[in-house]
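Asker: Let me give you the structure first, and then I'll get to my questions.
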Amino acid sequence: MIENNLLTSLEKSLLLCDSYSRLDFLLDIWDLYGADIFLKMFFNWWTSCDTTPLNIEHITNILGELEQLGSLQLKYAMPENLAEYLALPDELTVFRGCYAFNDDGICFSTDKQTAINFVNHARYKADGHQPILLTGKVKKADCLFFNDRKESEILSLGVEVIKRENIQLRKSQHE
Numbered sequence: 059m060i061e062n063n064l065l066t067s068l069e070k071s072l073l074l075c076d077s078y079s080r081l082d083f084l085l086d087i088w089d090l091y092g093a094d095i096f097l098k099m100f101f102n103w104w105t106s107c108d109t110t111p112l113n114i115e116h117i118t119n120i121l122g123e124l125e126q127l128g129s130l131q132l133k134y135a136m137p138e139n140l141a142e143y144l145a146l147p148d149e150l151t152v153f154r155g156c157y158a159f160n161d162d163g164i165c166f167s168t169d170k171q172t173a174i175n176f177v178n179h180a181r182y183k184a185d186g187h188q189p190i191l192l193t194g195k196v197k198k199a200d201c202l203f204f205n206d207r208k209e210s211e212i213l214s215l216g217v218e219v220i221k222r223e224n225i226q227l228r229k230s231q232h233e
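Next up, the structure:
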């Protein structure tokens, strides 16, 4: 009962956070309450966080402390994400649209076009930098999977990048 009250209280607090402060709050949950409570909240709220690059080191450290990400997916994932995760093959081809300065990220997509689209979004675009597409391989058991935003998002520390290529940005309507 105490845990249920805590979870309810944390859910209410996370609901009050905006998308730019929510990840900081989740990281505080890790520090204050440990892995189980953090993971229950993380699987519910990850896709509503917008400051991932600012906290990438902390998230990477947390994922590094956790073992067998695939088993965590089975235990904590939302039902719709779990069903899609279970349907994935044992080895995945994943893609990351990025730049040389952020090519070490942990967020990938199983959908190539989704990855390419990221470098075309105004809030991710880095003028003056060449956008690149990373193609990698990773075992499903080494991943967390989220598809709430229809991005087929993979979080993993175990992606082996096998290809790196320059991609062209879409021209804006004003050019």
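Count along the sequence shown from 1, add 58, and you get the number used in my numbering.
No residue lacks a Cβ here, since even glycine has one placed at the ideal position from N, Cα and C.
These numbers were taken from a predicted model, which means no experiment stands behind them.
Once DSSP output is grouped into helix, strand and coil, what is the label at GLU61?
Answerer: Residue state, collapsed to three classes: helix.
Asker: Return the residue from the list LYS98, LEU146, GLU223 that minimises the CA-CA distance to ALA27.
Answerer: The question about residue 27 has no answer here: the residues shown for the chain are numbered 59 through 233.
Asker: Would you kindly work out how many angstroms separate the C-alpha atoms of ASP206 and GLY186, rounded to a whole number?
Answerer: Straight-line Cα distance between these residues: approximately 32 Å.
Asker: Taking a contact to mean a Cβ-Cβ separation below 8 Å, would you say LEU132 touches LEU97 in this structure?
Answerer: Taking 8 Å as the Cβ cut-off, LEU132 and LEU97 do not qualify as a contacting pair.
Asker: Per DSSP, what kind of secondary structure is GLY194 in: helix, strand or coil?
Answerer: DSSP places GLY194 in strand when its eight states are reduced to three.
Asker: Could you check whether PHE203 and ILE190 sit closer than 8 Å to each other, using their CB atoms as the reference points?
Answerer: Taking 8 Å as the Cβ cut-off, ILE190 and PHE203 do not qualify as a contacting pair.
Asker: Cα separation between LEU65 and LYS197?
Answerer: Approximately 31 Å, taken between the alpha carbons.
Asker: Under 7 Å from any heavy atom of the ligand MN, does the C-beta of CYS75 make it?
Answerer: Of ligands this structure carries none, so the ligand MN is not represented either.
Asker: Could you tell me if GLU233 is buried or exposed, where buried requires 16 or more neighbouring beta carbons within 10 angstroms of its beta carbon?
Answerer: Confidence is the limiting factor: at GLU233 the pLDDT is only 45, short of 50, which leaves the residue's position unreliable, though a coordinate-based value still follows. By the 10 Å Cβ count, GLU233 comes out exposed.
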